[in-house]
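Here the structure comes first, spelled out in structure tokens, and everything after it is commentary.
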Amino acid sequence: MTIDTTSKPTESMPTETMPATAEIVERCRSLYEDLDFSAARAWKAAVPGRKVVGFMPVYAPLELIHAAGCLPLGLFGGGDQMEVIHGDAYYQSYICRIPRSTVELGVTKRLDFVDGMIFPFVCDVIRNLSGMWKLMFPHVWSKFFDTPQNFDPEVGGRYYVEELKELRDGLGTLTGRKISDDDLKRSIALYNENRRLVREVYAFRARAPWKAPTSEIYLLMRAGLMMEVEEHNRLLVAYLAAAEAEDRPKRDNVRVAVYGSFCEQPPLNLIKSLEMAGCYVVEDDYALVNRFITEDVSTDGDPLEALATAYLKHSVETSCKYVPNEEDKGKYHVAQVRKARAEGVIYATPSFCDPALLDRPMICRRLGEAGIPHIAFKYAENSGQMQPIREQAGTFADSIKLWS
Amino acid sequence: MSEIVTAGIDIGSGCVKAVLFRVDGERIEWLDKEVARIRNRDPFQLAGEAHEAILKRTGVAREAVAYVASTGDAEALKFATGHFYSMTTHGRGAVFLNPKARAVLDIGALNGRAIKVDGSGKVSSYKMTSQCASGSGQFLENIARYLGIAQDEIGTLSRQADNPEKVSSICAVLAETDVINMVSRGISASNILKGIHVSMAVRLAKLLKSIGASEGVVQMTGGLALDVGLVAALNEALVQEKVALVAESHPDAIFAGAIGAALWGAYRHEKLAALETMAA
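Heads up: the protein sequence lines correspond to chains A and B, in order.
Counting in the numbering used here, the first sequence runs from 1 upward without gaps.
Counting in the numbering used here, the second sequence runs from 405 upward without gaps.
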């Protein structure tokens with residue numbers, strides 16, 4: 001069975017009424033900056049019985065949350081606008097910041113409207129946060145979503161289908177409504193459309209990065225994880241049309257890929273600083289969830305099997321996914337760099353991010369072997385001093401422009 | 405390489421500097437220069453005005469400039485073709501002003517940088533002073549104001565010192581307190597200024613050592629390059645630190661960043677043209 005999306009975004013928003021990029025970006029920024037999640041609260045309040053399910057990085061099958069009739073709400077920590085007071089008491093000093101600020105969001109009641117929480121596998125810290133959440137907020141349905149590290153369909157595939165079933169049952173219990181295969185297939189089709197549009201936006205950025213700055217794309221994608229997917233699809237179409245139409249000057253910047261930022265997100269100012277420092281970011285792993293699956297998920301057959309197959313066979317490589325052969329580590333990054341025609345790589349990791357930092361030597365070695373210039377630095381979601389980052393990224397850009 | 409005209413614009417903490425060059429392979433002709441103190445004005449507007457003034461004087465049309473290269477704090481300069489970072493541009497500018505230079509000390513209003521370069525101006529190592537302002541031009545300006553002397557008198561007065569006083573080299577706040585105490589103790593302005601120069605020079609000599617600059621000429625650039633007292637104190641400190649470097653200055657040292665930007669802009673323009681040809 002092939003399911004078509006009932007209302008194509010292009011039909012619902014004619015180009016003559018398209019808003020300008022500034023208008024779209026401003027809306028996305030207000031969603032991104034709102035740590036009270038007013039829009040998600042309003043969505044929930046609009047219809048009695050609606051449920052909101054939060055999810056953390058890096059990947060969760062949002063189709064299942066959507067098929068359950070819930071709003072998937074991307075939770076990426078507290079960013080640089082929130083002071084962490086209570087959250088620090090729960091963690092040692094050598095733990096990254098995202099769990100601290102997520103706890104802070106919880107204990108300050110900013111998430112008191114969230115009915116369920118999904119903690120996908122990233123690392124031990126996020127795994128343990130799921131247990132903490134159960135203890136701290138017993139009225140909230142919480143699920144540690146353990147993605148497979150074995151990519152044999154008979155082993156990891158079978159395990160993952162069971163994990164998806166458990167997630168589907170949990171969501172069904174939360175909403176009091178069983179998720180049918182047809183419900184899920186409709187959601188998969190909508191998310192296929194979302195992934196296609198997301199890929200289109202990233203491809204547009206790689207083609208004309210001066211027309212689609214990463215500081216804008218980032219807001220567009222983050223905001224999309226706080227609204228209904230149908231609305232995000234319309235927004236992506238509108239942004240593509242507006243960005244294409246806008247006349248922006250092209251500068252002599254270098255094209256870079258940014259890796260290592262898949263979980264705790266950098267502050268927006270860091271992304272802007274890279275751009276100011278003379279870098280066009282043409283490839284990145286920021287907020288990966290909406291492009292974690294790289295191809296359409298089949299809407300034929302068993303939808304859970306389809307989601308499992310997509311994960312096993314058509315998903316990106318990140319540090320929270322096991323790479324069985326060490327010699328394959330980083331090959332994906334080299335291929336992506338080539339595809340995006342990036343001239344260098346900035347490996348920017350959150351401080352104390354075990355997955356990213358343990359991978360750094362292997363990935364950087366692979367980049368070096370491929371002759372791809374690279375630098376590395378660390379950040380936290382609340383990093384405020386951008387001058388050293390600008391200097392590093394700027395001199396890196398200079399070295400590529402002049403001597404690469 | 406065909407003949408091209410390139411511009412360099414350097415927005416510093418205190419001044420905006422603009423230059424224009426005609427470049428044809430190895431032949432480099434410096435067409436004009438302009439400097440404007442910012443004094444609470446919009447540096448981007450000043451940069452535009454300085455650039456326009458140069459174009460008007462030289463009769464070069466705006467469209468005839470192949471590459472407008474910005475440097476310093478000018479990343480957001482709208483009419484720039486591209487931006488280069490200060491260590492990159494000061495390295496190139498220093499070698500243009502003094503081909504013997506193999507190290508550069510760029511000391512501006514807010515901080516200082518030691519840069520190691522090769523004969524082409526390519527940077528091989530660099531280090532900045534810490535965030536403390538005690539090694540900066542702004543700090544010296546403040547001291548001159550406390551002492552009631554003009555900025556251009558600082559160097560000459562410092563060279564007249566006979567018994568320089570020791571000043572804290574760690575922190576501008578402590579150093580300023582030291583100076584207030586010295587004034588109340590009746591220490592002469594010459595000895596105070598020399599003491600400050602010595603404290604700055606010792607830090608700068610150590611900075612040069614830390615980047616592996618060990619012999620040859622260190623070219624002073626930035627606003628403090630014209631402070632003869634600081635240059636003299638630095639040469640004394642280099643001897644004291646047993647570093648075989650000789651510090652030299654140049655009357656146009658303040659333009660080093662803008663010069664480097666314009667020259668790297670010319671190089672980059674040619675490189676891009678070559679890449680386009682290859683791609684075609």
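Note that CB positions come from ideal geometry on N, CA and C, so glycine has one too.
Quick caveat: nothing in here was measured; it's all calculated off a predicted structure.
Neighbour-count burial assignment, residue i, 16 or more Cβ in a 10 Å radius
i: Thr581 of chain B; result: exposed
i: Arg466 of chain B; result: exposed
i: Ser588 of chain B; result: exposed
i: Ile519 of chain B; result: buried
i: Thr681 of chain B; result: exposed
i: Thr173 of chain A; result: exposed
i: Asp124 of chain A; result: exposed
i: Ser30 of chain A; result: exposed
i: Gln392 of chain A; result: buried
i: Glu283 of chain A; result: buried
i: Ala287 of chain A; result: buried
i: Ala189 of chain A; result: buried
i: Pro655 of chain B; result: exposed
Delimiting residues of the beta strand (DSSP E) encompassing residue i
i: Phe144 of chain A; result: 141-145
i: Glu283 of chain A; result: 279-284
i: Leu385 of chain A; result: Here residue 385 of chain A is Gln; the residue named in the question, Leu, does not match the sequence. Element bounds for Gln385 of chain A: n/a, residue is neither H nor E.
i: Arg50 of chain A; result: Run containing Arg50 of chain A: none; DSSP gives neither H nor E here.
i: Ser519 of chain B; result: Per the sequence shown, residue 519 of chain B should be read as Ile rather than Ser. Residues 516-521.
Distance, residue j Cα to residue i Cα
i: Gly301 of chain A; j: Ala678 of chain B; result: 54 Å
i: Thr493 of chain B; j: Tyr471 of chain B; result: 14 Å
i: Leu73 of chain A; j: Glu326 of chain A; result: 35 Å
i: Asp436 of chain B; j: Val427 of chain B; result: 13 Å
i: Phe262 of chain A; j: Ile432 of chain B; result: 47 Å
i: Glu162 of chain A; j: Asp181 of chain A; result: 15 Å
i: Leu235 of chain A; j: Asn546 of chain B; result: 53 Å
i: Ile591 of chain B; j: Tyr550 of chain B; result: 13 Å
i: Gly69 of chain A; j: His374 of chain A; result: 44 Å
i: Ala277 of chain A; j: Leu64 of chain A; result: 41 Å
i: Asp566 of chain B; j: Gly541 of chain B; result: 23 Å
i: Val571 of chain B; j: Gly633 of chain B; result: 15 Å
i: Met221 of chain A; j: Ala665 of chain B; result: 36 Å
i: Val140 of chain A; j: Glu83 of chain A; result: 24 Å
i: Thr6 of chain A; j: Leu225 of chain A; result: Reliability fails at Thr6 of chain A, whose pLDDT of 37 lies under 50, so the model's placement of it is uncertain and the value that follows must be treated cautiously. In a straight line, the C-alpha of Thr6 of chain A is about 21 Å away from that of Leu225 of chain A.
i: Val53 of chain A; j: Leu71 of chain A; result: 6 Å
i: Thr462 of chain B; j: Ala484 of chain B; result: 19 Å
i: Ser417 of chain B; j: Asn515 of chain B; result: 9 Å
i: Ser319 of chain A; j: Pro355 of chain A; result: 5 Å
i: Lys460 of chain B; j: Lys675 of chain B; result: 28 Å
Residue i (DSSP reduced to helix, strand or coil)
i: Tyr471 of chain B; result: strand
i: Trp434 of chain B; result: strand
i: His86 of chain A; result: coil
i: Lys211 of chain A; result: coil
i: Met13 of chain A; result: Because the pLDDT of Met13 of chain A is 44, which lies under 50, any placement of that residue in the model is unreliable, and the number read from its coordinates should be weighed accordingly. Here Met13 of chain A sits in coil by DSSP.
i: Ile95 of chain A; result: coil
i: Val647 of chain B; result: coil
i: Lys378 of chain A; result: strand
i: Thr173 of chain A; result: helix
i: Ser490 of chain B; result: helix
i: Glu228 of chain A; result: coil
i: Ile118 of chain A; result: strand
i: Gln542 of chain B; result: helix
i: Val571 of chain B; result: coil
i: Val297 of chain A; result: coil
i: Tyr322 of chain A; result: coil
i: Val316 of chain A; result: coil
i: Ile126 of chain A; result: helix
i: Arg110 of chain A; result: coil
i: Pro303 of chain A; result: helix
i: Glu163 of chain A; result: helix
i: Val439 of chain B; result: strand
Proximal residues of chain A, C-beta to C-beta of residue i below 8 Å
i: Lys729 of chain B; result: Missing from the structure shown is residue 729 of chain B; chain B here goes from 405 to 684 and no further.
i: Tyr671 of chain B; result: Leu402
Proximal chain B residues relative to residue i, where beta-carbon distance stays under 9 Å
i: Gly278 of chain A; result: Glu479, Gly486, His487, Phe488, Tyr489
i: Arg251 of chain A; result: Ala484, Thr485, Gly486, His487
Opening and closing residue of the alpha helix (DSSP H) in which residue i lies
i: Ala348 of chain A; result: Looking at the DSSP string, Ala348 of chain A is not in any alpha helix (DSSP H); the run it does join, the beta strand (DSSP E), is 344-350.
i: Glu26 of chain A; result: 21-33
i: Gly452 of chain B; result: 447-462
Chain A residues whose Cβ lies nearer than 9 Å to that of residue i
i: Trp668 of chain B; result: Asp398, Lys401, Leu402
i: Thr625 of chain B; result: Under the 9 Å cutoff, chain A gives no residues; its nearest Cβ is about 17 Å from Thr625 of chain B.
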